[in-house]
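Trainee: After the structure tokens below, expect a handful of questions from me.
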Amino acid sequence: MRVTCEAFWLQKDGLTADEYEDAFSYYPQDSHITEHNRFRCTVTDGATETSFSALWAQLLSEDYCKNGELDLPKLQHIWSESVAQRKLAWYAEAKAKSGAFAALVGLTLTPPPADHYHPGLWQSWALGDSCLFHVRDETILQATPLDRWEQFNNSPFLLSSNADQNSTAASKAVIATGTWHSGDVFYLMTDAISCWFLRRQDEQGDAVKLITNIVDQESLSTLAKEQRTKLDQNGHRLMRNDDITIMRVRPLAAVIKHRPE
Amino acid sequence: MPYQAEISRSNPSCILILIDQSGSMDDPFGAAPTGKRKSDGVADAVNRLLQNLVIKCAKSEGIRDYYHVGVIGYGEQGVFPAFAGQLKGRQLVPISEVGNNPARVEERTRKVEDGAGGLINQKIKFPIWVDSIAKGGTPMCEGLRQAKSIISRWLSSHADCFPPIVMNITDGEATDGDATTSADDIKSMSSSDGNVLLFNLHISSSNHAPIEFPDLPDELPDDYAKLLFQMSSRLPDYMWMMVQQEGLIVSENPKGFVFNADLVSIIRFLDIGTRPSNLR
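Protein sequences appear in the order of chains V and U.
Numbering-wise, numbering that gives the first Met the number 0 puts 21 at position 22 of the first sequence, and it's gapless, one number per residue.
Numbering-wise, numbering that gives the first Met the number 0 puts 195 at position 196 of the second sequence, and it's gapless, one number per residue.
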């Protein structure tokens, strides 16, 4: 199996690049093309209203990618230790006590079996409102964990660095599975671009094409600038002003054989 | 649709808190014999509002100036900025300056669950910006007029901001006339994103149960509460939805009015980005 993986990101309009609070990872990391048996990638989105969320998003992203599951107690400890080493003002200390929060969507791709009679498998794990889209021939075959743009709001359940805040969130995780063929494309995206993507595809049918046309930071910036500025008939921005991360994953395998009669 | 403007450092909004510092605020707060006066209740309410707003705007690197904030007192000496300490005399102050300049930080205790079914005392830091004062008459009308003047100046340089919010904390007994007209004048001002919001918190000696965001004045215990209710803006639709998400049971037309309750929930309803549902 060969996998090409590209990531594009853009901070919220009005913020600087070092204020970007999403994260993304893929594993193995040695190259953008891998011959290994399993490929895994993640996109995470640190919540704006919590602090040290970029650090939390990065920890979650890397751990899930390397291990295929999250060792939350270990990550919470690392986050707490890192925050505790800093001298914080009273407000930063109060905010840090609530913990950091982030959404995560992860994708694992498994190659087709050696007999070439079966397709490859994919599995996703998601908590929050970052989404995975499985695309074939410019059609969205599956969207998870949210599949309608009206489902997005400003208060999703997220993974917290504070164990006390995770009791209700754990039950909100969504697992999805499916099969993939050569030529399929997977997109992992954070919430604002996911919401825009679903709505645009619903209303104008060209969202997949527009996302396919993103090939570098400049093309992402151009699209985001336009869609963040334009308003719908209710005065809402077509794309909410938020950090954007898009990860595009293209797995390739030998053509699947038709089983002999 | 109104109340959609993004609150950001390049397009900040404004919160102005008016506090009653008149002699009647020396009366007991609530019916329970706690020894707490209404003026103590007001000072606690304002300091808690400011604390929550500062924390809301805090990030790893510091405080982001999403808001400019003022506290105006009305009482014996007329109408004056009520900040104590380094901010004394200032009208509208960026929230980062507020956070970095409390007059002092007190240590208080609060009861928290111990994880084994009991309660334990936990020490917390409680920053103080405003002290408890209770003297003289209640020039609420003049307070509202000055609020109008401050907000008007703000709007002239922030025409597209999320509409400013004025929070008036009082026991409702104005001594300089009917405050309704001054309240209407405030509510008639607007940015391109909607009308200025006026919310009222009624601090009372009554033992009536707290009331939050009612839609009708019928259940309110006295005429002062009914007057403040009438003066209050309706909660914008998005705040109404957030009130419901918080689990509060409210009707479809709630006013920004609370009786012997807390306006801190309003701070939670201010939208500056993703707020996790499981953040408590």
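In this text, a Cβ means the ideal position worked out from N, Cα and C, and glycines have one as well.
U/Leu48 to V/Lys65, Cα distance in whole Å?
Mentor: Cα-Cα distance, rounded: 43 Å.
Trainee: Closest to V/Arg1 by CA distance: which of V/Phe51, V/Phe100, V/Gly182 is it?
Mentor: Nearest C-alpha to V/Arg1: V/Gly182.
Trainee: Just verifying my parser: in three-state terms, what is the DSSP assignment at V/Asp44?
Mentor: Here V/Asp44 sits in strand by DSSP.
Trainee: For U/Arg36, collect the residues of the same chain with a Cβ closer than 8 Å to its Cβ; drop the 5 residues on either side in sequence, then sort them by chain order.
Mentor: Cβ within range, chain order: Met24, Asp25, Asp26, Pro27, Phe28, Ser131, Ala133.
Trainee: Count the other CB atoms, across all protein chains shown, that sit within 10 Å of the CB of U/Asn259; report buried if there are 16 or more and exposed otherwise.
Mentor: U/Asn259 is buried by the Cβ-count criterion.
Trainee: Does the separation of the CB atoms of V/Leu54 and V/Phe100 fall below 8 Å?
Mentor: Not in contact: V/Leu54 and V/Phe100 (Cβ atoms no closer than 8 Å).
Trainee: Of the choices V/Asp201, V/Glu202, V/His235, V/Met246, whose alpha-carbon is the least far from that of V/Leu219?
Mentor: Checking every option, the nearest Cα to that of V/Leu219 belongs to V/Met246.
Trainee: Counting only beta-carbon atoms, is U/Ser276 nearer than 8 Å to chain V?
Mentor: Cβ-Cβ to chain V under 8 Å: yes for U/Ser276.
Trainee: Give the DSSP bridge partners of V/Gln265, in chain order.
Mentor: With chain V covering only 0 through 260, there is no way to say anything about residue 265 of chain V.
Trainee: Where does U/Arg63 land, buried or exposed, given buried means 16+ other C-beta within 10 angstroms?
Mentor: When all chains shown are included, U/Arg63 counts as buried.
Trainee: May I ask you to report which of helix, strand or coil DSSP gives U/Asp319?
Mentor: Residue 319 of chain U is absent from the model: chain U starts at 0 and stops at 279.
Trainee: Give, in chain order, every residue of the segment 82-114 of chain U whose Cβ lies closer than 9 Å to some Cβ of chain V.
Mentor: Under the 9 Å Cβ criterion, the segment 82-114 of chain U contributes Gly98, Asn99, Pro101, Val104.
Trainee: How would you write the range of the alpha helix (DSSP H) that U/His207 sits in, first residue to last?
Mentor: Segment: none, U/His207 is in no alpha helix (DSSP H) and carries neither H nor E.
Trainee: Output the distance between the C-alpha atoms of U/Cys13 and U/Met0, rounded to the nearest integer angstrom.
Mentor: Going from the Cα of U/Cys13 to the Cα of U/Met0 covers about 20 Å.
Trainee: Using only the alpha-carbon positions, how far apart do V/Arg147 and V/Ala223 sit?
Mentor: Roughly 20 Å between the two C-alpha positions.
Trainee: When we look at the beta-carbon of V/Gly13 and count the other beta-carbons within 10 Å, is it buried (16 or more) or exposed?
Mentor: Classification for V/Gly13: exposed.
Trainee: Within a Cβ cutoff of 6 Å, which residues of the same chain sit near V/Gln164, ignoring the five residues on either side of it in sequence?
Mentor: Result list for V/Gln164: Gly98, in chain order.
Trainee: Quick one, are the C-beta atoms of V/Gly119 and V/Pro250 less than 8 Å apart?
Mentor: For V/Gly119 and V/Pro250, yes; Cβs fall inside 8 Å.
Trainee: Could you pull the start and end residues of the beta strand (DSSP E) that V/Phe100 belongs to?
Mentor: Where V/Phe100 is concerned, the enclosing beta strand (DSSP E) stretches over 100-109.
Trainee: Are the C-beta atoms of V/Gly182 and some chain U residue less than 8 Å apart?
Mentor: No - not a single Cβ of chain U is within 8 Å of the one on V/Gly182.
Trainee: Candidates V/Asn36, V/Glu61, V/Asp241: which alpha carbon is nearest V/Pro111's?
Mentor: When each option's Cα is compared against that of V/Pro111, the closest is V/Asn36.
Trainee: Take V/Leu74 and list the residues in its own chain whose beta-carbon comes closer than 7 Å to its own, dropping the five residues that flank it on each side.
Mentor: Taken in chain order, the residues that qualify are Leu58, Leu59, Asp62.
Trainee: What are the start and end residues of each continuous beta strand (DSSP E) run of 3 or more residues lying completely inside the segment 152-182 of chain U, in chain order?
Mentor: The segment 152-182 of chain U contains these whole beta strand (DSSP E) runs: 164-169.
Trainee: Can you tell me whether U/Ala146 is helix, strand or coil according to DSSP?
Mentor: Reduced to three states, the DSSP call for U/Ala146 is helix.
Trainee: Using the Cα positions of U/Gln3 and U/Met238, report the straight-line distance between them to the nearest angstrom.
Mentor: Computed Cα separation, rounded: 11 Å.
Trainee: Closest to V/Phe185 by C-alpha separation, out of V/Phe51, V/Ala252, V/Phe132, would be which residue?
Mentor: The shortest Cα separation from V/Phe185 among V/Phe51, V/Ala252, V/Phe132 belongs to V/Phe132.
Trainee: Which whole-angstrom value is the C-beta distance of V/Lys94 and U/Ile54, which I expect to be below 8 Å?
Mentor: Confirmed, about 5 Å.
Trainee: With U/Thr335 as the anchor, note down where its beta strand (DSSP E) starts and where it stops.
Mentor: Residue 335 of chain U cannot be examined here, being either before or after the span of chain U that is shown, 0 to 279.
Trainee: Are the C-beta atoms of V/Trp89 and some chain A residue less than 8 Å apart?
Mentor: Among the chains of the structure shown, chain A does not appear; the protein chains present are V and U.
Trainee: Where does V/Gly105 land, buried or exposed, given buried means 16+ other C-beta within 10 angstroms?
Mentor: Classification of V/Gly105: buried, given that the 10 Å Cβ count is 16 or more.
Trainee: Give, in chain order, every residue of the segment 208-226 of chain U whose Cβ lies closer than 8 Å to some Cβ of chain V.
Mentor: For the segment 208-226 of chain U, which is checked against every Cβ of chain V, not one residue is closer than 8 Å.
Trainee: Verify the CB distance criterion: does V/Phe156 have a CB-CB separation below 8 Å to chain U?
Mentor: Yes, contact with chain U.
Trainee: How far does the alpha helix (DSSP H) with V/Glu92 in it extend, from its first residue to its last?
Mentor: From DSSP, the alpha helix (DSSP H) with V/Glu92 extends over 89-97.
Trainee: Which residues bound the beta strand (DSSP E) around V/His235?
Mentor: V/His235 -> no beta strand (DSSP E), and no H or E assigned at all.
Trainee: Just verifying my parser: in three-state terms, what is the DSSP assignment at U/Glu112?
Mentor: U/Glu112 falls in the strand class under three-state DSSP.
Trainee: Applying the criterion that 16 or more other CB atoms from any shown protein chain within 10 Å of the CB defines a buried residue, is V/Pro72 buried or exposed?
Mentor: Exposed.
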